[in-house]
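Below: the structure, in structure tokens.
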Amino acid sequence: MEERGTARAAQIWTLGLVTIVYTLNIADRFVLSALIEPIKAEFNLSDGGVAFLTGTSLALFYVAAGLPLGVLADRTNRRNMLAWAAGLWSLFTLFCGLSHNFISLLIARIGVGIGEAGGSPPSQSLLADMFPARERPIAMSIFALGTSLGAAIGTGVAGWLAAIHGWRGPLILFGLIGLPLALLVRFTLREPPRGETAAVASLSGRVGLRETMRFIASQKSLLHLLIGHTIVVFAGGGLVFWTPTFLMRSHGLSVAEAGGLVGAMNGVGGLVVLLLTIWAMTVIARRDVRWQLWYIAIATVITSAAAVTGYATGSSTLMTAMLWLFIPCTYISTGPTLALCQSLVPAAMRGQTIAIMLFTSNVALLVLAPQLIGSLSDVVAPELDDPRQSLRWLLVFGAATGFWGAWHHHAACRTLKADLARAGG
Numbered sequence: 001m002e003e004r005g006t007a008r009a010a011q012i013w014t015l016g017l018v019t020i021v022y023t024l025n026i027a028d029r030f031v032l033s034a035l036i037e038p039i040k041a042e043f044n045l046s047d048g049g050v051a052f053l054t055g056t057s058l059a060l061f062y063v064a065a066g067l068p069l070g071v072l073a074d075r076t077n078r079r080n081m082l083a084w085a086a087g088l089w090s091l092f093t094l095f096c097g098l099s100h101n102f103i104s105l106l107i108a109r110i111g112v113g114i115g116e117a118g119g120s121p122p123s124q125s126l127l128a129d130m131f132p133a134r135e136r137p138i139a140m141s142i143f144a145l146g147t148s149l150g151a152a153i154g155t156g157v158a159g160w161l162a163a164i165h166g167w168r169g170p171l172i173l174f175g176l177i178g179l180p181l182a183l184l185v186r187f188t189l190r191e192p193p194r195g196e197t198a199a200v201a202s203l204s205g206r207v208g209l210r211e212t213m214r215f216i217a218s219q220k221s222l223l224h225l226l227i228g229h230t231i232v233v234f235a236g237g238g239l240v241f242w243t244p245t246f247l248m249r250s251h252g253l254s255v256a257e258a259g260g261l262v263g264a265m266n267g268v269g270g271l272v273v274l275l276l277t278i279w280a281m282t283v284i285a286r287r288d289v290r291w292q293l294w295y296i297a298i299a300t301v302i303t304s305a306a307a308v309t310g311y312a313t314g315s316s317t318l319m320t321a322m323l324w325l326f327i328p329c330t331y332i333s334t335g336p337t338l339a340l341c342q343s344l345v346p347a348a349m350r351g352q353t354i355a356i357m358l359f360t361s362n363v364a365l366l367v368l369a370p371q372l373i374g375s376l377s378d379v380v381a382p383e384l385d386d387p388r389q390s391l392r393w394l395l396v397f398g399a400a401t402g403f404w405g406a407w408h409h410h411a412a413c414r415t416l417k418a419d420l421a422r423a424g425g
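Quick note: the sequence shown uses full-length UniProt numbering, first residue 1, plus one each step.
Next comes the structure, spelled out in structure tokens:
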């Protein structure tokens with residue numbers, strides 16, 4: 001009985017600490033989106049330049065390092081890897097706050113990206129071995145809450161602190177918080193034995209990436225799902241990067257007000273939507289597995305219409321109402337997509353399939369949306385009577401691509417049941 005209680009305490013502590021570290025990971029990634037205007041002013045940057053500095057520089061190295069670090073998580077001590085990763089991205093976040101020129105901030109931001117890429121693989125692997133199969137969905141759902149909480153902290157708290165201490169203040173604070181957390185991971189977590197996870201990893205190594213990609217291409221529902229999810233991520237999470245700047249330019253909000261509003265939408269709204277999605281998937285899947293995709297498609301159509309309206313309108317009241325619907329719902333597709341990606345391929349291909357999904361979605365979320373919108377804003381601005389409104393119309397266009405993503409989710413339903421049977425899922 002005592003051993004069982006000790007094991008349960010270890011599970012709870014591991015889940016709690018790993019979730020907190022993941023929340024900080026997301027917060028450090030989002031923090032500069034609330035600080036774009038003051039950074040742009042200090043370094044005299046264009047929209048494209050500030051997008052590269054604050055977003056693309058991190059994203060390129062985050063995406064490039066993701067696959068090899070995922071392999072490393074299967075071959076090394078995951079607790080130590082997570083501790084080193086958390087310490088690395090926190091140290092470079094601190095360096096971001098101490099930067100006084102473009103080059104030093106760029107180098108520090110690249111370091112943040114490399115460190116953060118090493119966070120999720122060991123975290124999820126640890127939790128998979130700490131919790132039995134029947135408890136993993138709950139554990140992973142709690143872990144996923146770090147996404148909305150981290151985005152809320154990274155935008156809301158950062159905006160509030162920047163209004164008081166300048167844009168360097170939140171970066172220094174977040175970096176200092178992360179260093180002791182890294183030590184807690186190293187000295188209080190235990191490395192559990194590798195159970196079923198190791199067997200799956202070993203088996204998946206017998207299947208090459210080319211063979212996996214051929215199978216994905218033959219699974220029409222999975223191909224539509226991957227394309228649709230990538231577009232939805234671009235039309236959703238990617239636009240949130242520029243939303244605080246849009247609120248300041250087009251609606252006159254301060255740094256603190258814009259960051260606080262987007263932070264509340266991510267945190268409060270995102271938390272509610274994630275809990276609602278968990279409940280909906282549990283109920284809907286019992287009736288018809290296709291409802292997992294229909295749910296995403298219907299929600300995407302509604303929220304894309306809300307986003308187009310919110311970014312286009314000149315009414316601050318209508319804009320706020322529409323963005324309260326749009327931004328929280330950007331979290332809807334992730335959970336169902338992860339589950340279906342694993343069910344639509346044989347067990348030996350699941351790891352590589354998830355890696356491909358994360359690669360494409362992160363390119364859309366962290367590279368394409370921020371950089372493309374920022375660069376096009378620079379091109380469009382001189383052609384407008386009010387150059388400040390260039391960002392508004394680029395966000396409207398980006399939001400409209402969500403309808404395309406919804407179509408792919410609907411199209412995936414046509415062959416979903418047959419593809420699930422073929423994959424054994």
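Here a beta-carbon is modelled for each residue, glycine too, at the ideal position from N, C-alpha and C.
Given this structure, state the Cα-to-Cα distance separating residue i from residue j, to the nearest angstrom.
{"i": "R332", "j": "T212", "result": "Per the sequence shown, the amino acid found at residue 332 is Ile instead of Arg. Each residue's alpha carbon lies about 26 Å from the other."}
{"i": "K220", "j": "A7", "result": "43 Å"}
{"i": "G16", "j": "S123", "result": "11 Å"}
{"i": "I107", "j": "L181", "result": "23 Å"}
{"i": "G270", "j": "T300", "result": "15 Å"}
{"i": "I278", "j": "M265", "result": "19 Å"}
{"i": "residue 430", "j": "L67", "result": "Examination of residue 430 is not possible in this model, given that the chain is present from 1 through 425 alone."}
{"i": "D129", "j": "S250", "result": "48 Å"}
{"i": "A256", "j": "P192", "result": "43 Å"}
{"i": "I110", "j": "V283", "result": "42 Å"}
{"i": "T360", "j": "P346", "result": "20 Å"}
{"i": "A139", "j": "E42", "result": "43 Å"}
{"i": "H224", "j": "A307", "result": "23 Å"}
{"i": "Q11", "j": "G237", "result": "31 Å"}
{"i": "A34", "j": "Q389", "result": "18 Å"}
{"i": "G49", "j": "L149", "result": "28 Å"}
{"i": "W160", "j": "G260", "result": "7 Å"}
For a test of the three-state rule: what should DSSP assign to residue i, helix, strand or coil?
{"i": "N80", "result": "helix"}
{"i": "T197", "result": "Its pLDDT being 39, under 50, T197 is placed unreliably by the model, and nothing is read from it."}
{"i": "N266", "result": "helix"}
{"i": "L253", "result": "coil"}
{"i": "N362", "result": "helix"}
{"i": "L344", "result": "coil"}
{"i": "P38", "result": "helix"}
{"i": "S125", "result": "helix"}
{"i": "L420", "result": "helix"}
{"i": "Q219", "result": "coil"}
{"i": "E211", "result": "helix"}
{"i": "P132", "result": "coil"}
{"i": "A314", "result": "The question names Ala, yet the displayed sequence has Gly at residue 314. If DSSP states are grouped into helix, strand and coil, G314 belongs with coil."}
{"i": "R414", "result": "coil"}
{"i": "I327", "result": "coil"}
{"i": "residue 433", "result": "The structure shown does not extend to residue 433, since the chain spans only 1 to 425, so no value can be given for it."}
So, are the CB atoms of residue i and residue j less than 8 Å apart?
{"i": "R287", "j": "C413", "result": "no"}
{"i": "F246", "j": "L395", "result": "yes"}
{"i": "L53", "j": "L105", "result": "yes"}
{"i": "P328", "j": "V262", "result": "no"}
{"i": "Q371", "j": "L340", "result": "no"}
{"i": "S343", "j": "A423", "result": "yes"}
{"i": "G55", "j": "L366", "result": "yes"}
{"i": "V185", "j": "R78", "result": "no"}
{"i": "A152", "j": "G314", "result": "no"}
{"i": "T147", "j": "I231", "result": "no"}
{"i": "M349", "j": "F215", "result": "yes"}
{"i": "E37", "j": "M319", "result": "no"}
{"i": "E28", "j": "T93", "result": "Reading off the sequence, residue 28 comes out as Asp, not Glu. Closer than 8 Å, so yes."}
{"i": "V63", "j": "W89", "result": "no"}
{"i": "S304", "j": "G166", "result": "no"}
{"i": "L24", "j": "F174", "result": "yes"}
{"i": "R210", "j": "G97", "result": "no"}
{"i": "P336", "j": "I296", "result": "yes"}
So, does the CB of residue i fall closer than 8 Å to a CB anywhere in chain B?
{"i": "T23", "result": "No chain B is present in this structure, which holds just one protein chain."}
Am I right that residue i and residue j are in contact with their C-beta atoms under 8 Å? What's the rounded C-beta distance?
{"i": "S141", "j": "D378", "result": "No, S141 and D378 are not in contact; Cβ-Cβ is about 40 Å, not under 8 Å."}
{"i": "A85", "j": "G119", "result": "5 Å"}
Are there any heavy atoms of the ligand MG lying less than 7 Å away from the beta-carbon of residue i, as far as the coordinates show?
{"i": "A9", "result": "What this structure holds is no ligand at all, so the ligand MG is not there to describe."}
For residue i, is the classification buried or exposed, using 16 other Cβ atoms within 10 angstroms of its Cβ as the cut-off for buried?
{"i": "A418", "result": "exposed"}
{"i": "T14", "result": "buried"}
{"i": "F187", "result": "exposed"}
{"i": "I103", "result": "exposed"}
{"i": "T317", "result": "exposed"}
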